[in-house]
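Undergrad: Taken in order, the sequence shown gives residues 2 to 381; the numbers are from my numbering. All C-beta atoms in this analysis are idealised placements derived from N, C-alpha and C, irrespective of residue type, glycine included.
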Amino acid sequence: MGLSAEERARYQRQLNLPEIGLSGQQRLKAARVLVIGAGGLGCPAALYLAAAGIGTLGLVDFDRVELSNLHRQVLFASADVGRLKVEAARERLLALNPDIVIRAHALTLGTDNVRQIIGAYDIVLDGSDRLTTRYLVNDACVLLGKPLVTAAIHRFEGQAMTYLPGQGPCYRCLFPSVPEGAVGSCADAGVLGVLPGVLGALQASEAVKLASGAGEPLVGRLLTYDALTVTFAELPVSRRADCRVCGEQADIRAPEDSGVGSASEGLEPARRLSATGLKVLLAAGKANGAPLVLIDVRESWEFAARHLEGARNIPLGQLERRIAELAPDDAPIFICRSGGRSLAACALARRAGIIAPGHLEGGLLAWAEHVDPDFALGFE
Ligand SMILES: [Zn+2]
Numbered sequence: 002m003g004l005s006a007e008e009r010a011r012y013q014r015q016l017n018l019p020e021i022g023l024s025g026q027q028r029l030k031a032a033r034v035l036v037i038g039a040g041g042l043g044c045p046a047a048l049y050l051a052a053a054g055i056g057t058l059g060l061v062d063f064d065r066v067e068l069s070n071l072h073r074q075v076l077f078a079s080a081d082v083g084r085l086k087v088e089a090a091r092e093r094l095l096a097l098n099p100d101i102v103i104r105a106h107a108l109t110l111g112t113d114n115v116r117q118i119i120g121a122y123d124i125v126l127d128g129s130d131r132l133t134t135r136y137l138v139n140d141a142c143v144l145l146g147k148p149l150v151t152a153a154i155h156r157f158e159g160q161a162m163t164y165l166p167g168q169g170p171c172y173r174c175l176f177p178s179v180p181e182g183a184v185g186s187c188a189d190a191g192v193l194g195v196l197p198g199v200l201g202a203l204q205a206s207e208a209v210k211l212a213s214g215a216g217e218p219l220v221g222r223l224l225t226y227d228a229l230t231v232t233f234a235e236l237p238v239s240r241r242a243d244c245r246v247c248g249e250q251a252d253i254r255a256p257e258d259s260g261v262g263s264a265s266e267g268l269e270p271a272r273r274l275s276a277t278g279l280k281v282l283l284a285a286g287k288a289n290g291a292p293l294v295l296i297d298v299r300e301s302w303e304f305a306a307r308h309l310e311g312a313r314n315i316p317l318g319q320l321e322r323r324i325a326e327l328a329p330d331d332a333p334i335f336i337c338r339s340g341g342r343s344l345a346a347c348a349l350a351r352r353a354g355i356i357a358p359g360h361l362e363g364g365l366l367a368w369a370e371h372v373d374p375d376f377a378l379g380f381e
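1) Determine the DSSP secondary structure at V66, reduced to helix, strand or coil.
2) Can you find the residues in the same chain that come closer than 7 angstroms, C-beta to C-beta, to G25, ignoring five residues on each side of it along the sequence?
3) Which residues bound the beta strand (DSSP E) around A80?
4) Could you check whether the Cβ of G248 sits closer than 7 angstroms to any heavy atom belonging to ligand 1?
5) For a test of the three-state rule: what should DSSP assign to L309, helix, strand or coil?
6) Over what stretch of residues does the alpha helix (DSSP H) that includes R11 continue unbroken?
7) Quick check on DSSP: helix, strand or coil for P197?
8) Using the C-alpha atoms, what's the distance from D81 back to A89?
9) Does the beta carbon of P99 fall short of 7 angstroms from some heavy atom of ligand 1?
10) Quick one: is the Cβ of P166 within less than 7 angstroms of any heavy atom of ligand 1?
11) Whose CA, out of R91, A141 and S339, lies closest to the CA of N114?
12) Count the other CB atoms, across all protein chains shown, that sit within 10 Å of the CB of V75; report buried if there are 16 or more and exposed otherwise.
13) For the beta strand (DSSP E) containing D373, name the first residue and the last one.
14) Between V246 and N139, what straight-line distance do the alpha-carbon atoms span, to the nearest angstrom?
15) Which residue from S5, V209 and A6 puts its Cα closest to that of V36?
16) Excluding the five sequence neighbours on either side, which residues of its own chain have a C-beta within less than 7 angstroms of the C-beta of K280, listed in chain order?
17) Based on the DSSP secondary-structure assignment, which residues constitute the bridge partners of P237?
18) Mind pulling the alpha helix (DSSP H) runs of 4 or more residues that sit fully within the segment 115-188?
19) R135: beta carbon under 7 angstroms from a heavy atom of ligand 1?
20) Looking only at C-alpha atoms, which of V220, I334 and L144 sits nearest to A152?
21) Cβ-heavy atom distance between P237 and ligand 3 below 7 angstroms?
22) Am I right that L293 and I334 are in contact with their C-beta atoms under 8 angstroms? What's the rounded C-beta distance?
23) Just to confirm my understanding: we take D100, look at its own chain, exclude 5 residues before and 5 after, and list those with CB closer than 7 angstroms. What are they?
24) Closest to R104 by CA distance: which of V66, I118 and R254 is it?
25) With which residues is R273 paired in a DSSP beta bridge?
26) Could you check where the beta strand (DSSP E) with L60 kicks off and where it finishes?
27) Check whether the segment 229-248 and the segment 42-56 touch, using three or more Cβ-Cβ pairs below 8 angstroms as the test.
The structure is reproduced here in structure tokens:
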């Protein structure tokens, strides 16, 4: 794969490195790297991978940009709030480097699609904040023989490790099963914004090394970083003979064995929005010129008594036969009284092929409590 004069100019500082050089840069151009999660880790990783000239970059995420993402998800600007993350990311990355291909996958990985998605790439970076996704991605990478660069963050601490097929331990060797009382997500526990920047850049560095053939990958070594004390440490990690996916008598032989549901069943079938989150989205949606699709799934008499401005009424019982009123990429937000019917509506919408349904957690009761005390439902 040759390089144009413009590409030679763009990558000159990298071409000057003897460890990379022209052949390494050509390998980067031929490489297909998948970034799972366009969040705190995926954003900086994708920026550096695009800048470095990775020829095909895939992004998996079905969330939309929220205001509270911006302190760490550096691909996005304030004006992106409310947009699909992968769409905003593609635009930003192509503005940075128009010579590469960006594939946006607005979906959740599940047992039914993980093979197809990961199979189309050479290297995988996992920046997901869902533990179940981590195991699914690890198992799929082991089964498909794909290198995996994994990283995780929590409050002020981060860790990273690289898996190479047949060479070192996998994520499941390190953590054989989902830990009891697993740590909360960033939303619950909080995270220092710059922390995922450090770890995401490390993941990108690993991917560039793997793709170009330079250096020693982080195989068999768990790198830990403590931002409070500025301490990097390394823990040696070995393969486990009894690992369920890469061990001698592995019983995970297909993604379906991972113990993770299919994307359509969805362990996380819905984007959950808080009342205050919805308030921001509503304002941003209008400011963005991209009206949000707000569906109130209560009964028509409940809707008539009081509803949010701009909401449409499709009672839950009618949703299945009226689902064609929604486009697959609409990303509707379902609303009900307390959050139960709206969650059911999300599951139904997902089964019908709507890519990214969301719902108001706690329903209009939460809206009245946290956003608009004057919003009386009118039938208490
Ligand atoms: Zn293993």
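TA: In short:
1) coil
2) Same-chain partners within the cutoff: S213, G214 and A215.
3) Note, A80: premise wrong, no beta strand (DSSP E); not H, not E.
4) yes
5) Here L309 sits in coil by DSSP.
6) A6 to R11
7) Of the three classes helix, strand and coil, the one that applies to P197 here is helix, per DSSP.
8) 7 angstroms
9) no
10) Not one heavy atom of ligand 1 falls within 7 angstroms of the beta-carbon of P166.
11) A141
12) buried
13) It is not in any beta strand (DSSP E) - D373 carries neither H nor E in the DSSP assignment.
14) 9 angstroms
15) V209
16) V372
17) Per DSSP, R222.
18) 115-120, 132-145 and 172-175
19) no
20) For the set V220, I334 and L144, the Cα lying nearest the Cα of A152 is the one of V220.
21) Because ligand 3 does not appear in the structure shown, any question about it cannot be addressed here, the ligands present being ligand 1.
22) 6 angstroms
23) E8
24) It is I118.
25) H360
26) Per DSSP, L60 belongs to the beta strand (DSSP E) from T57 to V61.
27) No: fewer than three Cβ pairs fall under 8 angstroms.
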